[in-house]
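Numbering (my numbering), first residue to last: 9 to 206.
Written out as structure tokens, the structure is:
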């Protein structure tokens, strides 16, 4: 699979002057990748094409920042304010430290940062554990919140979820014990309750 995660991560960041170009790049990548990804992405694209940067900034802020419909911090959806989220963040920070993920101003569980991490991780067990046990459960909760709010961003989150599910076709099965032990430096798979603590 071509690196679809970098362009998806870019348009999940707070929009800037390059947002229109990033959107077009992402659309082309998604369409090249597969019709399965293009379908949900086209719903998002139709909802935002033609919006000015100021309009998309306002939409993004309303959706994800101020009294958000949906937070983009994965740990929030997995742990809420439980102390386990602090352990999760610390372990993620350590795992992310060797990579340039544009994480300097974000929490380590910020979805765009984690998508860039998925693209760079070479340890397949670790990558699968991150996707199956952390990202997909959080994305399901994000999708529910965005669908309920009838947000245009629901198509984008659906695209991300579909891309990740294609990498772990056995989604739904828990990570093996060996995989969970290898993932000790990443998410809190060894904390009681794992990433499904809520």
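Ideal Cβ positions, reconstructed from N, Cα and C, are used throughout, including at glycine.
On the premise that residue j lies in contact with residue i, defined as a C-beta separation below 8 Å, what is that separation, rounded to the nearest angstrom?
i: residue 30; j: residue 19; result: 5 Å
i: residue 134; j: residue 172; result: Incorrect: roughly 14 Å between the Cβ atoms, too far for contact.
i: residue 78; j: residue 71; result: 6 Å
i: residue 169; j: residue 154; result: With a Cβ gap of about 11 Å, residue 169 and residue 154 do not count as contacting.
i: residue 82; j: residue 123; result: Residue 82 to residue 123, Cβ: 10 Å. No contact.
i: residue 15; j: residue 65; result: About 19 Å; that fails the 8 Å criterion.
i: residue 25; j: residue 61; result: 6 Å
i: residue 142; j: residue 67; result: With 8 Å as the limit, residue 142 and residue 67 do not qualify as a contact, their Cβ atoms being about 27 Å apart.
For the alpha helix (DSSP H) that contains residue i, what are its first and last residues?
i: residue 34; result: 27–41
i: residue 165; result: 162–175
i: residue 132; result: 132–137
Determine the DSSP secondary structure at residue i, reduced to helix, strand or coil.
i: residue 81; result: strand
i: residue 19; result: helix
i: residue 104; result: helix
i: residue 94; result: helix
i: residue 124; result: helix
i: residue 24; result: coil
i: residue 145; result: helix
i: residue 45; result: helix
i: residue 88; result: coil
i: residue 57; result: coil
i: residue 113; result: coil
i: residue 207; result: The chain is shown from 9 up to 206; residue 207 falls before or after that span and cannot be answered.
i: residue 75; result: coil
i: residue 159; result: coil
i: residue 67; result: helix
i: residue 99; result: helix
Measuring straight from C-alpha to C-alpha, what distance separates residue i and residue j?
i: residue 84; j: residue 176; result: 23 Å
i: residue 52; j: residue 45; result: 11 Å
i: residue 100; j: residue 158; result: 31 Å
i: residue 49; j: residue 132; result: 27 Å
i: residue 125; j: residue 58; result: 31 Å
i: residue 89; j: residue 96; result: 12 Å
i: residue 110; j: residue 149; result: 25 Å
May I ask you to list the residues that DSSP assigns as paired with residue i?
i: residue 118; result: 81
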